[in-house]
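Asks: Under UniProt numbering, think of the first position of the sequence shown as 1, with each following residue one higher. What follows is a single structure, and I will ask about it in a moment.
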Amino acid sequence: MIQLTKAEEDIMKILWQLKKANVKAIIEEFPEPKPAYNTVSTIVRILENKGAVDYEKQGKGHIYFPILKQQDYSNQTINKLVDGYFQGSFKSMVSFFMKKNDISVNELESVLKEINKNE
Numbered sequence: 001m002i003q004l005t006k007a008e009e010d011i012m013k014i015l016w017q018l019k020k021a022n023v024k025a026i027i028e029e030f031p032e033p034k035p036a037y038n039t040v041s042t043i044v045r046i047l048e049n050k051g052a053v054d055y056e057k058q059g060k061g062h063i064y065f066p067i068l069k070q071q072d073y074s075n076q077t078i079n080k081l082v083d084g085y086f087q088g089s090f091k092s093m094v095s096f097f098m099k100k101n102d103i104s105v106n107e108l109e110s111v112l113k114e115i116n117k118n119e
């Protein structure tokens, strides 16, 4: 299970969106103020060491691409949330969010239909 910091996750989101990118292209996707080139480059190398990204050489530079699939990361993050805060009970998590966000029965039915459609 790969654990990502907030900064690493931000870069992964960009790579998942772009599919492939060099450091400059990653930086361009950030809002102002943009992070420093060296900062992004360092984080990308950390992601490479963690096995989340790989690269192919292009001239003197590198084009990075995600190895860690967004769906896999989302699943492991949700499972960690459910296990850590809801004692492994998805039902408890849904109940918590329903109460906290005042979700209507119609909205819940819509969510259930979406879940059933994807099975």
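C-beta atoms are modelled at their ideal positions from N, C-alpha and C, and glycine is treated no differently. Treat the numbers as computed from the prediction; the structure is a model and nothing was measured.
1) Going by the beta-carbon positions, is the gap between V44 and Y73 smaller than 7 Å?
2) Is it buried or exposed, L108, if we count other Cβ atoms within 10 angstroms and call 16 or more buried?
3) Going by alpha carbons, who is nearest to K69 out of Q58, G59, A52?
4) Starting from F65, trace the beta strand (DSSP E) both ways and give me its first and last residue.
5) How would you call M1, buried or exposed, if buried means at least 16 neighbouring beta carbons within 10 angstroms?
6) Short of 7 Å in beta carbon distance, which residues of its chain neighbour residue 169, apart from the five on each side in sequence? Order them along the chain.
7) For I115, count neighbouring Cβ atoms within 10 angstroms of its own Cβ and tell me buried if that reaches 16, exposed if not.
8) According to DSSP, simplified to helix, strand and coil, what is A7?
9) Can you tell me where the beta strand (DSSP E) with K57 in it begins and where it stops?
10) If you run the structure through DSSP and keep just helix, strand and coil, what is A25?
Replies: With the given structure in hand:
1) The answer is no: Cβ separation not under 7 Å.
2) In this structure L108 is exposed. Its beta-carbon is surrounded by fewer than 16 other beta-carbon atoms within 10 angstroms.
3) Here the closest residue by C-alpha is A52.
4) Its beta strand (DSSP E) spans residues 61–66.
5) Result: exposed.
6) Because the chain in this structure spans residues 1 to 119, residue 169 falls outside the shown range and cannot be described.
7) Under this definition I115 is an exposed residue.
8) DSSP places A7 within a helical segment (H, G or I) once states are collapsed to three.
9) Following the DSSP letters along the chain, one finds K57 inside the beta strand (DSSP E) bounded by residues 53–58.
10) For A25, the secondary structure class from DSSP, reduced to helix, strand or coil, is helix.
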